[in-house]
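In the numbering used here, the protein residues as written are 1 to 469.
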Amino acid sequence: MIDSPHEECGIVGVFAPNEDVATMAFFGLFALQHRGQEAAGIAVSDGETVHLHKDIGLVAQVFNPHNLAPLKGNYAIGHTRYSTTGSSSARNSQPFLIDTYLGPVAVAHNGNLVNAADLRKDLLKRGVGLSSSSDSEVLTMMLAGAEGDTWDRRIQHVMSRWVGAYSLVVLTLQGVFAVRDPWGFRPLSVGMLPSGGHAVASETGALHTLGCQAIREVQPGEIVTLSNNALRVYQAVPRASRLARCVFEHIYFSRPDSFWDGLSVHQVRQNLGTQLAREAPVDADVVIPVPDSSIPAAIGYSRTSGIPYNDGFIKNRYIGRTFIEPTDSLRKQGVALKFNVIEDNVRGKCLIVIDDSIVRGNTSGPLLKLLRDAGAREIHLRITCPPIAHPCFMGVDMGTYKELIAHRMSVEQIREHVGCDTLHYLTLEGMMMAVGRQEGYCTACFNGDYPIAVEFGNTKTGFEKNGIA
Ligand code: SF4
């Protein structure tokens with residue numbers, strides 16, 4: 001959980017006449033804070049003008065009553081960012097807002113286009129200036145110049161040129177559109193607000209926060225127009241013949257109270273723990289999770305194995321992302337800044353530790369050392385997914401082979417490196433059995449089977465090396 005991949009972003013959209021849509025978007029983003037902690041922004045339309053506020057920081061650091069007050073209107077979109085394409089400068093924060101022939105348009109994007117470099121070159125050749133290194137700006141500028149005299153036609157037109165992961169919310173003077181790529185990489189759902197109108201968000205958990213009912217997914221390839229009564233749903237491009245939902249939403253990214261692919265994330269995580277207990281049983285005194293994302297899996301492992309569950313770590317829930325650099329002596333504390341051990345629960349005991357993933361492998365060792373220092377007798381580490389041996393080009397921050405420990409080392413070498421007595425990764429088959437579906441998911445970071453053609457070397461800061469940083 002401390003060495004898990006970072007999701008790119010969380011997005012929301014709201015259409016609610018006579019409501020304070022900016023505050024609703026704020027609470028939607030607040031519920032999606034775990035998806036991106038580097039910057040946040042909200043754009044609002046009152047039918048005549050689009051107002052925007054965005055900055056670097058957590059949602060609650062970026063917004064206050066003073067800067068929310070001028071964001072008046074019927075329509076809003078919002079974004080909370082973790083950088084994948086483009087580093088985390090303020091210039092790359094979203095929504096992107098530009099003026100066009102059809103009036104202002106603002107875009108918030110979750111995902112990553114794998115053909116962004118080519119699209120970017122095309123734009124630059126045509127004399128379109130770009131002010132950031134983000135693929136989301138490329139996508140916004142393409143929308144501005146697209147054919148079609150309505151926004152849904154323009155969106156449809158450019159969708160046929162975009163390859164990769166994009167869940168989008170698009171704000172114009174008169175509406176909010178929700179758009180999802182034909183492969184369905186990233187989640188996006190809509191629901192009806194209690195006061196009338198609709199909201200859209202990356203996760204169903206955020207829609208529940210806003211009190212939404214009748215929640216449905218935006219289906220792959222769809223454009224959904226938010227409105228007061230019925231939603232207008234339009235299959236803009238055909239669904240891909242091979243759907244590719246990111247399986248990591250189940251393992252780590254999504255809130256456990258969210259649904260992904262119609263499945264309860266919490267239930268799938270419990271199933272992952274059950275599968276682990278079947279694949280890699282071991283005699284032990286207690287099952288402990290690395291909080292928070294591994295808690296349901298640890299419950300599943302405990303139930304299946306009959307070995308009691310208990311807390312071993314307490315995580316500081318408020319540490320989040322901080323812009324205050326720790327002092328040298330605090331930095332040496334490393335993971336201890338974030339986790340404390342409950343010594344009574346681990347001293348002299350044989351532990352099964354459940355974690356969701358190991359990406360770079362530089363924090364699992366210090367975390368397990370905290371348990372050793374507290375007197376743990378044996379540590380058996382169980383991971384709820386297979387080794388991550390391949391990069392992700394679809395919007396998750398693990399873009400190169402060399403950063404992935406499972407690409408460089410065998411499982412036995414990793415076991416030695418992190419310092420546990422035994423190590424087992426859930427098999428690909430076991431993971432998909434826990435999900436309950438064999439088809440329709442991307443599993444490329446585990447088996448290298450990319451659902452779309454990808455260009456190796458396409459890293460998150462690739463554009464920055466060639467120009468804007
Ligand atoms: S490569 Fe892995 S992280 Fe990336 S979209 Fe596929 S399953 Fe998700």
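All residues carry an ideal CB built from backbone N, CA and C; glycine is no exception.
Item                                                                                                                                                                : Value
Heavy atom of the ligand SF4 less than 8 angstroms from the Cβ of T443, yes or no?                                                                                  : yes
Of all Cβ atoms in chain D, is any one closer than 9 angstroms to the Cβ of D20?                                                                                    : Given the protein chain composition of this structure (a single chain), no chain D is represented.
Does the ligand SF4 have a heavy atom nearer than 8 angstroms to the CB of C246?                                                                                    : yes
Which residue's Cα is closest to the Cα of D360: G348, R408, I314?                                                                                                  : Before going further, note that residue 360 is Arg rather than Asp in the sequence given. With distances taken between Cα atoms, R360 lies closest to R408.
Could you give the residue range of the beta strand (DSSP E) that holds A434?                                                                                       : Not the beta strand (DSSP E): A434 falls in the alpha helix (DSSP H), residues 428 to 435.
Thinking C-beta only, is P182 closer than 9 angstroms to R245?                                                                                                      : no
Taking the alpha-carbon of V105 as reference, which of V163, A43, L263 has the nearest alpha-carbon?                                                                : A43
Does the Cβ-Cβ distance between T94 and V107 come in under 9 angstroms?                                                                                             : The sequence shown places Gln at residue 94, rather than the Thr named in the question. Going by C-beta atoms, Q94 is nearer than 9 angstroms to V107.
Considering I288, what are the terminal residues of the beta strand (DSSP E) in which it resides?                                                                   : 286 to 289
Between S133, Y441, V14, which has its C-alpha nearest A90's C-alpha?                                                                                               : S133
Tell me the residue span of the beta strand (DSSP E) that contains Y166.                                                                                            : 164 to 172
As a quick exercise: from G73, P65, V12, pick the residue whose alpha carbon is nearest that of E19.                                                                : G73
To which residues does DSSP link Q235 through a beta bridge?                                                                                                        : E222
Is any non-hydrogen atom of the ligand SF4 found closer than 8 angstroms to the C-beta of A165, if you look at the structure I gave you?                            : yes
With I379 and S357 assumed to form a contact (beta carbons below 8 angstroms), what rounded beta-carbon distance in angstroms separates them?                       : 17 angstroms between Cβ atoms; not a contact.
Given 8 angstroms as the limit, is there contact between the stretch 186 to 206 and the stretch 164 to 171, that is, 3 or more CB pairs closer than that?           : yes
How would you label S160, buried or exposed, when you count the other beta carbons within 10 angstroms and need 16 or more for buried?                              : exposed
Mark V411 as exposed unless 16 or more other C-beta atoms lie within 10 angstroms of its C-beta, in which case mark it buried.                                      : exposed
Tell me whether F185 sits in a helix, a strand or coil according to DSSP, three-state version.                                                                      : coil
Using a 10 Å radius around the Cβ and a threshold of 16 neighbouring Cβ atoms, would you call N340 buried or exposed?                                               : exposed
With contact counted as at least three CB pairs below 8 angstroms, one residue from each stretch, are the stretch 298 to 315 and the stretch 262 to 276 in contact? : yes
Have a look at the DSSP bridge pairing and note the partners of G191.                                                                                               : A199
Quick check: what's the CA-CA separation for T80 versus Q156?                                                                                                       : 25 angstroms
State the start and end residues of the unbroken beta strand (DSSP E) segment that holds D397.                                                                      : First-last for D397: undefined, no H or E at that position.
Under the three-state reduction of DSSP, which class applies to S134: helix, strand or coil?                                                                        : coil
When every heavy atom of the ligand SF4 is checked, does at least one fall within less than 8 angstroms of the C-beta of V396?                                      : yes
Is C420 near the ligand SF4 - that is, is its Cβ less than 8 angstroms away from at least one heavy atom of it?                                                     : no
Assuming E222 and R180 are in contact, meaning their beta carbons sit under 8 angstroms apart, how far apart are those beta carbons, in whole angstroms?            : 6 angstroms
From which residue to which residue does the alpha helix (DSSP H) around K54 run?                                                                                   : Unbroken run through K54 is the beta strand (DSSP E), 50 to 56; no alpha helix (DSSP H).
Under 7 angstroms Cβ to Cβ from C212, same chain only, skipping five residues before and after it: list those, please.                                              : G191, M192, L193, A199
May I ask you to report which of helix, strand or coil DSSP gives K315?                                                                                             : strand
Apply the 10 Å Cβ neighbour rule to D135 and answer buried if 16 or more other Cβ atoms are within range, or exposed otherwise.                                     : buried
Using DSSP with H/G/I as helix, E/B as strand and the rest coil, what is D118?                                                                                      : helix
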